[in-house]
Amino acid sequence: MKLGLSLVWQSPPAVEGVKLSKLLEKISKKSIDIKETKELLEREINVNLSGGEKKISELLQVISLNPKLVIFDEIDSGLDLKKLGEIAKIIKKKLINKESSVLLITHWGQILHYLNPIITNVMLDGKIICREKDFKKVFKVIKKYGYRKCKECKLLAD
């Protein structure tokens with residue numbers, strides 16, 4: 000984190016015996032005021048939390064570090080649309096609008112509708128096969144034909 004790089008895991012680990020509020024006190028470089036998180040602060044880190052609560056807990060930890068770049072590994076995995084909207088709102092308000100860069104890895108893609116990315120890349124078999132500024136074009140093709148169609152899609156070619 001010294002260089003300002005943070006990673007949010009797809010499945011964040013549980014830490015028994017440590018309250019989220021205590022961890023944030025130790026690592027925070029700034030105060031965090033997010034109304035959706037008040038009840039999480041007094042709970043042990045990711046212990047007996049729902050999938051959405053774990054994602055918000057992990058997000059709080061990263062935001063508290065005031066990162067320059069955050070890599071999200073499938074933060075949208077396992078979330079319903081309501082929780083997805085809450086997560087996206089927090090990412091936008093506390094990171095993107097504060098000029099942190101975000102690299103978002105997603106298989107589902109619904110979160111893109113909330114975040115409206117500047118650039119979208121499609122990676123297949125470890126290679127970027129498509130790059131497009133309009134994520135809606137990419138999303139439409141993938142939704143209709145699957146990821147492999149991006150290999151041959153002239154609409155999405157560089």
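Just so you know, numbering that gives the first Met the number 0 puts 156 at position 157 of the sequence shown, and the rest follows in order with no gaps.
Cβ coordinates follow ideal geometry from the N, Cα and C atoms, glycine included.
Which residues in the same chain as residue i place their Cβ atom closer than 6 Å to its Cβ, once the five residues preceding and following it in sequence are excluded?
| i | result |
| --- | --- |
| LYS148 | VAL140 |
| LEU111 | PHE134 |
| PRO11 | ASN45, LYS53 and GLU57 |
| LEU4 | LEU68 |
Would you report the Cα separation of residue i and residue j, rounded to the nearest angstrom?
| i | j | result |
| --- | --- | --- |
| GLN158 | LYS18 | Any property of residue 158 remains undetermined from this structure, which presents the chain solely from 0 to 157. |
| LEU22 | LYS143 | 44 Å |
| LYS82 | CYS129 | 29 Å |
| LEU6 | GLY50 | 17 Å |
| LEU59 | ASP124 | 32 Å |
| PRO66 | ILE31 | 13 Å |
| GLU41 | GLU85 | 20 Å |
| SER27 | GLU151 | 46 Å |
| VAL121 | SER99 | 22 Å |
| PHE138 | LEU2 | 33 Å |
| THR119 | LYS126 | 14 Å |
| GLY16 | GLY145 | 44 Å |
| ALA13 | LYS37 | 18 Å |
With 16 other CB atoms within 10 Å as the buried threshold, where does residue i fall?
| i | result |
| --- | --- |
| ASN45 | buried |
| LYS25 | exposed |
| LYS93 | buried |
| ILE158 | Residue 158 lies beyond the range of the chain shown here (0 to 157); nothing can be said about it. |
| ASP157 | No answer about ASP157 holds up, because its pLDDT of 46 lies below 50 and its placement is not dependable. |
| GLU131 | buried |
| LEU39 | buried |
Could you name the residues of the same chain whose beta carbon sits closer than 8 Å to that of residue i, not counting the 5 residues immediately before and after it, in chain order?
| i | result |
| --- | --- |
| LEU114 | ALA87, ILE90, LYS91, ILE95, VAL101 and LEU103 |
| LEU109 | With the sequence shown as reference, residue 109 is identified as Gln, and Leu is not the correct amino acid for it. Taken in chain order, the residues that qualify are ASP75, LEU80 and LEU83. |
| ILE117 | LYS132 |
Since residue i and residue j are thought to touch, with beta carbons under 8 Å apart, how far apart are those beta carbons, to the nearest angstrom?
| i | j | result |
| --- | --- | --- |
| SER56 | LEU48 | 6 Å |
| LEU78 | LYS54 | 7 Å |
Near residue i, what residues of its chain come up, given a Cβ to Cβ distance below 7 Å and the 5 sequence neighbours on each side ignored?
| i | result |
| --- | --- |
| HIS106 | GLU73 |
Please list the terminal residues of the continuous beta strand (DSSP E) segment that includes residue i.
| i | result |
| --- | --- |
| VAL121 | 119 to 123 |
| LYS18 | 14 to 18 |
Could you tell me whether any non-hydrogen atom of the ligand FAD is closer than 8 Å to the CB of residue i?
| i | result |
| --- | --- |
| THR105 | Summarising the ligand content, the structure contains no ligands, and the ligand FAD is consequently not present. |
Between which two residues does the alpha helix (DSSP H) harbouring residue i extend?
| i | result |
| --- | --- |
| GLY50 | 50 to 62 |
| GLU85 | 80 to 93 |
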